[in-house]
Amino acid sequence: MGGTLLLAACGGSGDDGEEGGGDETTITYGMAQPFTAYNNTTASANTVANGQVTEWVLSGFWYFGNEDGDLVRDETFGTFEQVSEDPLTVEYTINEEAVWSDGEAIDCDDILLWWTAQSGAFDGLFSAIGTDGVEDTARPECAPGDRTFQLAYDTPFADWQFNGPSHGNTTMLPAHVVAEQGGLTSEEFLTALQGEDPAPLEDAAAFYNEGWTLSGGLPDPELIPSSGPFMITDYVPEQSVTLSANPDYWGEAPGVDRIVIRQIPEEEQIAALQNGDVDVIEPQPTVDIAQQIADASPGIESSVAEENTYEHLDFNFNEGPFADSLPLRQAFALCVPRETLVENLIRPVVPDAVVKDVRNVVPWDQEAYQTAVEASSASLEEFGEQDIDRAREILEAEDAVGTTVRLGTLDNQRRNDAGNLIVAACNEAGFNVEFEPAADFFDSALPENNFDVAMFAWSGSPDRSGWNSTYRSVNECTPDGKGNNNGCYSNPDLDALLDEVLRTSDLTEADAITGEIEAMLWEDMVTIPLYQHPGIVAWNPDVQNIVNNPSQNGIVWNLPEWTRAS
1 MGGTLLLAAC
11 GGSGDDGEEG
21 GGDETTITYG
31 MAQPFTAYNN
41 TTASANTVAN
51 GQVTEWVLSG
61 FWYFGNEDGD
71 LVRDETFGTF
81 EQVSEDPLTV
91 EYTINEEAVW
101 SDGEAIDCDD
111 ILLWWTAQSG
121 AFDGLFSAIG
131 TDGVEDTARP
141 ECAPGDRTFQ
151 LAYDTPFADW
161 QFNGPSHGNT
171 TMLPAHVVAE
181 QGGLTSEEFL
191 TALQGEDPAP
201 LEDAAAFYNE
211 GWTLSGGLPD
221 PELIPSSGPF
231 MITDYVPEQS
241 VTLSANPDYW
251 GEAPGVDRIV
261 IRQIPEEEQI
271 AALQNGDVDV
281 IEPQPTVDIA
291 QQIADASPGI
301 ESSVAEENTY
311 EHLDFNFNEG
321 PFADSLPLRQ
331 AFALCVPRET
341 LVENLIRPVV
351 PDAVVKDVRN
361 VVPWDQEAYQ
371 TAVEASSASL
381 EEFGEQDIDR
391 AREILEAEDA
401 VGTTVRLGTL
411 DNQRRNDAGN
421 LIVAACNEAG
431 FNVEFEPAAD
441 FFDSALPENN
451 FDVAMFAWSG
461 SPDRSGWNST
471 YRSVNECTPD
481 GKGNNNGCYS
491 NPDLDALLDE
501 VLRTSDLTEA
511 DAITGEIEAM
521 LWEDMVTIPL
531 YQHPGIVAWN
541 PDVQNIVNNP
551 SQNGIVWNLP
561 EWTRAS
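Counting from 1, one number per residue, gives the positions in the sequence shown under full-length UniProt numbering.
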């Protein structure tokens, strides 16, 4: 999820390298959002901050890697291959040496817990970000101790490579911990996962959904084992989280002993970097931040690159002035100064940046992007450019001049600047916009639908299944029931297109269907795309192997490779 946080000392034993000997190496990363949950796979905890912390704590078969954000297989964790085309069947094999940091093997019960949650089995008893693709697979067959399983699909699924357990976001969680917290033995838990009755799993699911949410401090270490090269060893709420090298990791040891992730507001991160309080930062670029980084050179290294992440406005379809009024949504789209936002906030960082006219295709994928824009041309011609006079005409026709609109977003400089520009323009059109930026926006306002319009970003990826659930009809408009569809928009016709694009392996055909989806999203005015995020990273020159990555978890994609020269 997008928007991806008090300058304070790191808590616990730590930053000076005294614990465990003076030769320990530490790299400190400054991050603006808070770390709030060990389990990032639930709908309410799926944030960039949580994903960045757990990316190399909870392993899987693949991750978004290299400077292009491509799928990279993690064969240290295991391997997978397609073994049948009809029916589509993919076989996964976990490394025989793979263990949780508490010594428990990663095997059948972890597999079935992952599948049960990600497939939406038992009517979504276990919360998940989205079930696209996994719900079309049969329950894997495995016995206690098995490390090989298959996903057999009822229907074709074009993005099958992205569908297995991954790092951080759709990863395997420790089933033995969930079983114990649910009052079950591992054997009883596995039997229940293989059965048809959800009743024995209710307490376990309650822990899975909420028990790993952090409140007041780090849970007992026994509850948060690692399956990756790092493990979580310290946490101070709203200050820091510490990752230490996992001594029981079966693969190559990371390049440093510890990564300390400090929660620092973006506007303070450059000073923290210059002062040596942090070594790496990845703030959302603003004009001021870009200039500050330029002024700080050559004392720091930096780079700017394009990201898959894009900014947008989401309407609340559950309640409020826009829920049942297409004209009011159209009026708001007409008053939003999209070009002004790009000109003032993005082009000073990326001079050739453009307004983003569609949601799910990046502008540099030129053919696919143009296909989607052309499919949406009628709506873009009518509502794609700011027209305050016409927006006011609509409000007058609807007897809605003075309508109060709550605009919510994460409290940071660029979004504050964007929000103020939107307020000025839309108030001129006749709305009464109440701008409500909040540091806990992703923890409360967004999941609880406490907004009329929400401004945030989706951290994109190359796969269609990655954005598919964002627009799929919700089961219920609750934090767990709506998944990624934060506005709770529902449309069976769009659902059918979303199904179709997931089943299409021909890229030209898939682009055409994506265009139909974009056109429908504009016609219903579901969201308003704004701009593609530029990514900016700055770091201490003593730190090596910092490489931009456009995907959702950003710069931490190669965290185990970070090293210090001194």
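Backbone N, C-alpha and C define an ideal beta-carbon position, used for all residues, glycine too.
Could you please give the first and the last residue of the uninterrupted beta strand (DSSP E) stretch that includes residue i?
i, result
"I536", "T527 to W539"
"F230", "F230 to V236"
"D314", "E301 to F315"
"Q82", "G78 to E85"
"A152", "T148 to A152"
"T28", "T26 to M31"
"I94", "L88 to I94"
"Q284", "Careful: Q284 lies outside any beta strand (DSSP E) and carries neither H nor E."
"V453", "V453 to W458"
"V241", "S240 to A245"
Relative to the alpha-carbon of residue i, which residue among the options has its alpha-carbon at the smallest distance?
i, options, result
"P541", "G216, D279, R147 and F189", "D279"
"G352", "V342, P156, N545 and V53", "It should be pointed out that residue 352 corresponds to Asp in this sequence rather than to Gly. Out of V342, P156, N545 and V53, V342 has the C-alpha closest to the C-alpha of D352."
"D110", "V501, T170 and W160", "T170"
"D387", "C426, A205, A294 and N449", "C426"
"D23", "W115, Y249 and R258", "R258"
"L250", "A565, T340, I264 and F230", "The sequence shown places Trp at residue 250, not Leu. With distances taken between Cα atoms, W250 lies closest to F230."
"T527", "P492, N549 and R338", "R338"
"T76", "E252, P479 and E516", "E252"
"Q413", "A290, A192, N163 and P165", "A290"
"Q263", "P247, E238 and N246", "E238"
"T155", "S379, D499 and T47", "D499"
"E516", "V373, E428 and D277", "V373"
"N449", "E476, G466 and A296", "E476"
"residue 614", "V83, N468, P550 and E367", "A query on residue 614 cannot be resolved here, the shown segment of the chain reaching from 1 to 566 and no further."
"A512", "M525, N46 and L497", "L497"
"Y92", "D68, E141 and A45", "E141"
"W100", "H176, D365 and T478", "H176"
"V361", "S465, Q292, A333 and S379", "S465"
"V48", "D288, G120, F149 and D443", "D443"
"W364", "D107, F149 and P550", "P550"
"W562", "P254, E202 and L151", "P254"
"A538", "Q269, Q366, S186 and L201", "Q269"
"L380", "L334, S302, L184 and L218", "L334"
"S473", "E523, F317, A454 and N420", "F317"
"N548", "E202, D68 and S377", "D68"
I need the boundaries of the alpha helix (DSSP H) containing residue i, first residue and last residue.
i, result
"M375", "Reading the sequence as shown, one finds Ala at residue 375 and not Met. Residues Q366 to A375."
"A272", "E266 to Q274"
"N416", "Q413 to A429"
"V189", "According to the sequence provided, residue 189 is Phe. The question's Val does not apply to it. Residues S186 to L193."
"W467", "R464 to N468"
"C395", "Strictly speaking, residue 395 in this sequence is Leu, with Cys absent from that position. It spans I388 to A397 - the alpha helix (DSSP H) in which L395 sits, taken as one unbroken run."
"A296", "V287 to A296"
So, for residue i: in the same chain, excluding its five sequence neighbours on each side, which residues have a beta-carbon less than 6 Å away from its beta-carbon?
i, result
"G3", "Summary for G3: the model assigns pLDDT 31, below 50, so the residue's position carries little reliability; its value from the coordinates is reported in the next sentence. Taken in chain order, the residues that qualify are L410, F456 and A457."
"P285", "V349, P534 and I536"
"E398", "P327"
"S127", "T42, A43, N209 and D480"
"A117", "F126 and A128"
"G430", "R392, L395 and V401"
"A179", "S186 and F189"
"V83", "T89 and E91"
Spatial neighbours of residue i within its chain, please: C-beta separation below 8 Å, excluding the five flanking residues on both sides.
i, result
"D417", "T286, N344 and L345"
"D493", "M520"
"M72", "What sits at residue 72 in the sequence shown is Val, not Met. Around V72: W62, Y63, F64, G65 and N66."
"Q274", "A296, G299 and I300"
"I432", "It is Asn, not Ile, that sits at residue 432 in the sequence shown. Closer than 8 Å at the Cβ level, and outside the excluded window around N432, lie G402, T403, T404 and V405."
Can you give me the Cβ contacts of residue i inside the same chain, cut-off strictly under 7 Å, excluding the 5 residues immediately before and after it?
i, result
"G384", "D357"
"R564", "T25, I27, V256, D542 and V543"
"S244", "F230, M231, T233, D257 and R258"
"G21", "With a pLDDT of 42 at G21, under the threshold of 50, the predicted position of this residue should be treated as unreliable, though the coordinate-derived value follows. Once the five neighbours on either side are set aside, G21 has no close Cβ partner at all."
"S166", "G60, F61, W62 and Y63"
"P321", "L328, T403, V405 and D452"
"N95", "T76, F77, G78 and W250"
task: Determine contact between the segment 306-316 and the segment 503-515, defined as no fewer than three beta-carbon pairs at a distance below 8 Å.
output: no
message: Quick check on the DSSP output: what are the complete alpha helix (DSSP H) runs of length 4 or more inside the segment 474-558, in order along the chain?
response: 492-502 and 507-523
message: Check whether the segment 39-58 and the segment 207-216 are in contact - that is, three or more C-beta pairs closer than 8 Å.
response: yes
message: Going residue by residue through the segment 113-173, where are the continuous alpha helix (DSSP H) segments of at least 4 residues, counting only ones entirely within it?
response: 121-124
message: Quick check on the DSSP output: what are the complete alpha helix (DSSP H) runs of length 4 or more inside the segment 316-368, in order along the chain?
response: 326-335 and 338-341
- request: Spell out a yes or no on whether the segment 46-61 and the segment 544-558 are touching, meaning 3 or more CB-CB pairs, one atom from each, closer than 8 Å.
  value: yes
message: Quick test of the definition: if touching needs 3 or more C-beta pairs under 8 Å, does the segment 219-228 touch the segment 187-206?
response: no
- request: Please confirm if the segment 85-94 is in contact with the segment 142-156, defined as three or more CB-CB distances below 8 Å between the two stretches.
  value: yes
- prompt: At which residue ranges does the segment 37-84 contain complete beta strand (DSSP E) runs of 3 or more residues, listed in the order of the chain?
  reply: 62-65 and 70-73
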